[in-house]
Amino acid sequence: MKKLDYYRFRIIKDYVAHFLVYLSLVAALIPLFSILYEVVQRGISAINLNFFINPTPTVGEKGGGVANAIQGTLITMGFASLIGIPVGLMSGIFLSEYSEHKLSMVIRFFNDVLSGIPSIVIGVFAYALIVRSIGFSVIAAAFALAIIMVPIVTRTTEEALKLVPLSLREAAIALGVPRWKTVATIVLRSAKKAVVTGMLLSIARIAGESAPVLVTMGYWRWWFASLNRPAANLALNVFVFAMSPFESWIVLAWGSALVLILLVLGVNIAVRVLTKERY
Amino acid sequence: MESSRKISLFNHKLNTKHFSHFKWQINGDNIFKLVGALFASSILLLLGLMIYELIKGSWLSIQTFGLDFILGTKWDPAISRVFGALPLILGTVVTSAIALLIAVPISLGIGLALSEYVPKKFGFAISFLVELLAAVPSVIYGLWGIFVLIPFLRDHVYSHLQTLFGFIPIFSGPIYGGGVLTGGIVLAIMIIPTVSAVMRDLFSVVPTSQREAMIALGATKWETAKTVISYARSGVIGAIILGLGRAIGETMAVTMVIGNKFQVWPSSLFDAWYTMSAIIANELLEATYDLYVSALMNVALVLLFVTLVINILSRLIVWRTLRLVRGMAKE
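Right, here's the structure in full:
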């Protein structure tokens, strides 16, 4: 009789565990759906033609848009990609093609470490290195964002190239093609999709970064002027508008958040549907 | 016999070591390798430069305050110009600890669900959704925190917590909505995707033979799952430390919900506080003199040092476990 009770106790424990495991799934997904719902529902009312063609309104003014922030974000991101993507791509190629090299082991490890450094610290680094000499500028922000991109691009490029079968490389080398040409024309080309995917993910990631932008450019509500001056930024707009006391600005914050989330989640979803691989 | 062996060894050495290096020349492949190595080394260079620049930037503060910077409890940029970061460090540690307390059990559950409980075809969709959480920008968590989470917690959760546990000091005091507990909850939501993804990876490399052995012994699903956890336990600790690293460095969302009040210890879980990353975001642009800037850089240096140690530690543990478990699975 006692034995049977213990058996029942184990079964009940099993049921409870089942329940808790599924509960944890639900608990994690509720915030996601709540964020998506609220951002879409509150952001959609802010979105109209004016939102996309007008610059930031002056303090408390009604209407206005985020056109200058979209422009500034695109310029900053483009500039960051110009630095971050080549460095990440070349590092990724080196790590995959010379993966047994002693340097590769060290760099792979520190690449992971670099990806774990808080973005605000990277921002302060860019502040110390660039802002102190040339002032708050697009260059400083792009530099900080590029440092955030490098580990992501490096990692995804390396993983993409490693999936290319060895036989392809061997075939090329057997034909007398030099190694660099093999990589440039055969390995990279067959992994093209996955490599581009990594770049897109890194771009989506820096589009949402606001902490490093805050300490390297500050808040700027005019149009882009030049690379050594600040530019407006969508993610930073969300922060500044959300902390402001004006109802019209808070509406703009939700609108900007909707644009950002569509961009970031759109890239993530597209990437996953297109490649059907996990990154 | 002995001598011929020696000769062959010598020849071998001659071939691989001396000969190939002797023939080093400028050709496409060598340039390719060199350029790749240079680009890859720039990652190390960046890390080194980062440490150097932050030490250089905070040198003034280190010279002025020394160890008092970490142990001091006064942050007064306006009058006495004294900077002590202990309250910020405490704020960061406590909010991160709250985040871990909430996130670790949930992440364990998700890791187990995805590797043991949920069928593979749903598992793919769910892990995709969980990873989408990681893609949501920090500032949007902050926005959502201010306008959705704070009103909800204030009206429906905190008041009940207070009526139930109000006799305990940490649950007493006025409720603003934002504060230490809210900061911890937002952080928890943000680190769950990272921690649970690592846990799922760890659990799914645990060899099937372990599960089969448990099932053969008549174990229930939960008992089998417990074996899986204990098999990957050192990796689980690594995953938790990894989540801690994320939580410590998180900036914008915390800045937006924690209340940003500089004090040594909050009166309750509902009171406002401050963290290291939040003070940098709030004050670096307003720092008007060198010592002030230097003090904020010193905060960044502490943050960098802590996250470096945490990251190196956790990566080592996770790497070792994954390799160990995979190695065993191969045998």
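Protein sequence lines, in the order shown, are assigned to chains B and D. FYI, in the numbering used here the residues of the first sequence are 1 to 279. FYI, in the numbering used here the residues of the second sequence are 280 to 610. Using N, Cα and C, we set each Cβ at its ideal position, and we do this for glycine too.
By DSSP's criteria, residue i is part of a beta bridge. Which residues make up the other side?
i	result
Phe348/D	Note: Phe348/D sits in no beta bridge, so no partner.
Asp434/D	Its beta-bridge partners do not exist; DSSP assigns none.
Asp112/B	BP columns for Asp112/B are empty, so no partner.
Val409/D	Paired residue(s): none; Val409/D is not in a bridge.
Trp552/D	Gly538/D
Asp355/D	Val361/D
Could you confirm whether any beta carbon from chain B is found closer than 9 Å to the beta carbon of residue i?
i	result
Phe311/D	yes
Met224/D	The structure shown does not extend to residue 224/D, since chain D is modelled only from 280 to 610, so the question has no answer here.
Met478/D	no
Ile591/D	yes
Ser320/D	yes
Trp598/D	yes
Ala579/D	yes
Trp544/D	no
Ala376/D	no
For a cutoff of 9 Å on Cβ pairs, would you count residue i as touching chain D?
i	result
Arg8/B	no
Met77/B	no
Ile186/B	no
Val59/B	no
Ser167/B	no
Met199/B	no
Trp249/B	no
Asn68/B	no
Thr157/B	no
Gly208/B	yes
Asn228/B	no
Arg221/B	no
Val328/B	An answer regarding residue 328/B cannot be provided, because it is not within the stretch 1 to 279 covered by chain B.
Met35/B	Going by the sequence as given, residue 35/B is Ile instead of Met. Chain D, which has a Cβ nearer than 9 Å to the Cβ of Ile35/B, makes this yes.
Asn50/B	no
Met243/B	yes
Arg179/B	yes
Is the beta carbon of residue i sitting closer than 9 Å to the one on residue j?
i	j	result
Leu163/B	Ile93/B	no
Arg229/B	Val150/B	no
Ser547/D	Val533/D	no
Gly574/D	Pro356/D	The sequence shown places Ala at residue 574/D, rather than the Gly named in the question. Contact: yes.
Leu328/D	Ile120/B	no
Phe239/B	Ser210/B	yes
Phe136/B	Met217/B	yes
Leu95/B	Thr157/B	yes
Val474/D	Ala392/D	no
Ile468/D	Ala28/B	yes
Gly463/D	Gly538/D	no
Arg512/D	Ile470/D	no
Leu333/D	Leu580/D	yes
Phe426/D	Ile44/B	no
Gly528/D	Thr461/D	no
Leu523/D	Leu379/D	yes
Met90/B	Ala404/D	no
Residues in the same chain with beta-carbon distance under 8 Å from residue i, minus the five sequence neighbours each way, listed in chain order, please.
i	result
Asp569/D	Leu339
Gln71/B	Trp223, Phe224, Ala231, Ala232
Ile596/D	Ser513, Gly514, Ile516, Gly517, Ile520
Ile130/B	Ser137, Ile139, Ala140, Phe143, Thr216
Between residue i and the rest of its own chain, which residues show a CB-CB distance below 7 Å, the 5 nearest in sequence each way excluded?
i	result
Pro472/D	Val409, Glu410, Leu412, Ala413
Phe301/D	Caution is warranted here: a pLDDT of 49 is assigned to Phe301/D, below 50, making its placement in the model unreliable, and no coordinate value can be reported.
Ser483/D	Ser394
Ala172/B	Thr182, Ile186
Arg10/B	none
Please work out which residues of its chain come closer than 6 Å, Cβ to Cβ, to residue i, disregarding the five sequence neighbours upstream and downstream, and give them in chain order.
i	result
Gly84/B	Ala146, Met149, Val150
Asn111/B	Pro151, Thr154
Arg272/B	none
Val572/D	Ala566
Met478/D	Ser386, Gly390, Ala518
Which first and last residues belong to the alpha helix (DSSP H) in which residue i is found?
i	result
Met423/D	Here the sequence assigns Trp to residue 423/D, which means Met is not the residue at that position. Trp423/D -> alpha helix (DSSP H) spans 417-423.
Ile250/B	247-275
Leu161/B	138-162
Glu209/B	Note, Glu209/B: premise wrong, no alpha helix (DSSP H); not H, not E.
Ala526/D	512-528
Ile122/B	119-126
Thr487/D	487-495
Phe239/B	234-243
Ala172/B	166-174
Phe51/B	49-53
Gly78/B	67-97
Quick check: does the Cβ of residue i come within less than 8 Å of any heavy atom belonging to the ligand FMN?
i	result
Ala498/D	As for the ligand FMN, it is missing from this structure, which has no ligand bound.
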